[in-house]
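Okay, so here's the structure we're looking at.
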Amino acid sequence: MKQFKKQVLSVLLMAACLFALTACTAEVVETNVDAAEAQGLQSVAQAMVEEFTSAPEANVEDAIRQYRENDMEQIAAGLEGYLSVRKDLGAYVSTEDGTTIKGEDGYTITLNTVFEKRPCQFVLTLDKRMENITSLSFTPHYTMGENMTKAGLNTLMGMGTVFLVLIFISWLISCFKYIGKFEGKMKHPHPPAPLKTKPSASAKPQTPAPEENLADDLELVAVITAAIAASEGTPADGLVVRSIRRAPGNKWKRA
Numbered sequence: 111m112k113q114f115k116k117q118v119l120s121v122l123l124m125a126a127c128l129f130a131l132t133a134c135t136a137e138v139v140e141t142n143v144d145a146a147e148a149q150g151l152q153s154v155a156q157a158m159v160e161e162f163t164s165a166p167e168a169n170v171e172d173a174i175r176q177y178r179e180n181d182m183e184q185i186a187a188g189l190e191g192y193l194s195v196r197k198d199l200g201a202y203v204s205t206e207d208g209t210t211i212k213g214e215d216g217y218t219i220t221l222n223t224v225f226e227k228r229p230c231q232f233v234l235t236l237d238k239r240m241e242n243i244t245s246l247s248f249t250p251h252y253t254m255g256e257n258m259t260k261a262g263l264n265t266l267m268g269m270g271t272v273f274l275v276l277i278f279i280s281w282l283i284s285c286f287k288y289i290g291k292f293e294g295k296m297k298h299p300h301p302p303a304p305l306k307t308k309p310s311a312s313a314k315p316q317t318p319a320p321e322e323n324l325a326d327d328l329e330l331v332a333v334i335t336a337a338i339a340a341s342e343g344t345p346a347d348g349l350v351v352r353s354i355r356r357a358p359g360n361k362w363k364r365a
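All the letters of the sequence shown, read from the start, carry residue numbers 111 to 365 under this note's numbering.
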């Protein structure tokens with residue numbers, strides 16, 4: 111681990127020496143970099159790529175922890191980004207080309223590298239004195255199919271999460287009626303017994319009035335027999351009245 115850290119520091123020292131040499135031989139323009147200086151910075155960046163990619167994963171993790179302890183978060187974050195895409199990249203193969211730009215905040219070195227599984231863009235930024243690394247990053251180049259697959263998976267995961275939340279909310283709302291019943295039982299554990307009313311002494315069961323047998327009224331029988339005989343045109347001797355019942359009052363009124 112200490113050897114790995116010393117190698118990184120040696121790369122920074124190389125960059126500082128390169129800056130000292132170029133400062134004596136050529137004038138640096140604000141937006142451009144001298145060709146020799148640009149080539150030297152790209153060589154430094156390439157050495158860092160080779161150093162990071164050739165180290166075992168355990169050593170890189172130890173370096174991340176030590177960089178954080180020494181308040182070098184920018185390097186630790188860059189190495190964490192490399193570990194997250196290390197399986198997608200595979201082993202380092204070569205560096206094709208690169209660019210070097212000087213800005214107001216320092217230098218930006220970009221390398222187009224080739225790995226076993228896919229190409230990757232490595233970006234390293236240094237301060238104006240080339241003494242400190244301000245950031246570094248590894249950006250793999252994915253194919254259109256891989257990007258579409260990732261976008262589809264992200265969309266599916268997002269929609270699935272939304273539907274699960276909606277189903278949970280619907281289930282929770284359906285449980286509100288049971289919650290209301292439970293609260294009612296907690297407030298009134300024993301419902302009051304219904305009041306029993308005693309029948310009053312004055313209330314007596316009504317018994318139906320005995321039906322009056324009108325067949326015993328001989329005069330009424332004679333009148334009814336004569337009326338039927340007259341309406342039917344039959345002799346009264348052929349009629350026998352066995353019973354006579356009084357019709358309801360409303361029918362008597364219609365007659």
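Even glycine gets a Cβ: it sits at the ideal position worked out from N, Cα and C. Given the structure is predicted, the values throughout are model-derived calculations rather than measurements.
Name the DSSP bridge partner or partners of residue i?
i: residue 212; result: 217
i: residue 223; result: 205, 230
i: residue 249; result: 231
The alpha helix (DSSP H) spanning residue i covers which residue range?
i: residue 163; result: 145 to 164
i: residue 239; result: Per DSSP, residue 239 belongs to no alpha helix (DSSP H) and is neither H nor E.
i: residue 448; result: Since the first residue of the chain shown is 111 and the last is 365, residue 448 is not available in this structure.
i: residue 180; result: Element bounds for residue 180: n/a, residue is neither H nor E.
i: residue 344; result: Run containing residue 344: none; DSSP gives neither H nor E here.
For the putative contact between residue i and residue j, defined by C-beta atoms under 8 Å, what is the C-beta separation to the nearest angstrom?
i: residue 155; j: residue 225; result: In fact, because the Cβ distance is near 15 Å, the residues do not count as touching under 8 Å.
i: residue 223; j: residue 205; result: 5 Å
i: residue 106; j: residue 178; result: In this structure the chain extends from 111 to 365, so residue 106 is not present and cannot be described.
i: residue 207; j: residue 228; result: Residue 207 to residue 228, Cβ: 17 Å. No contact.
i: residue 253; j: residue 202; result: So it is not a contact: roughly 20 Å between Cβ atoms.
i: residue 217; j: residue 209; result: That belief does not hold up - the Cβ atoms of residue 217 and residue 209 are roughly 11 Å apart, past 8 Å.
i: residue 345; j: residue 339; result: 6 Å
Which residue comes first and which comes last in the beta strand (DSSP E) that contains residue i?
i: residue 235; result: 229 to 236
Taking the alpha-carbon of residue i as reference, which of the options has the nearest alpha-carbon?
i: residue 236; options: 212, 157, 259, 297; result: 212
i: residue 192; options: 216, 265, 167; result: 167
i: residue 194; options: 171, 210, 214, 182; result: 171
i: residue 161; options: 189, 182, 146, 176; result: 189
i: residue 61; options: 165, 334, 184, 239; result: This structure gives no information on residue 61, because the portion of the chain shown stretches from 111 to 365.
i: residue 184; options: 277, 173, 243, 296; result: 243
i: residue 248; options: 259, 293, 234; result: 234
i: residue 241; options: 339, 151, 274; result: 151
i: residue 246; options: 256, 230, 257; result: 230
i: residue 200; options: 176, 250, 260, 282; result: 250
So does residue i have its beta carbon nearer than 8 Å to some heavy atom of the ligand HEM?
i: residue 215; result: Although the ligand HEM was asked about, the structure shown includes no ligands whatsoever.
Next on the checklist: Runs of 4 residues minimum, wholly inside the region 253 to 298: which ones carry the alpha helix (DSSP H) assignment?
Outcome noted: 254 to 284, 286 to 297
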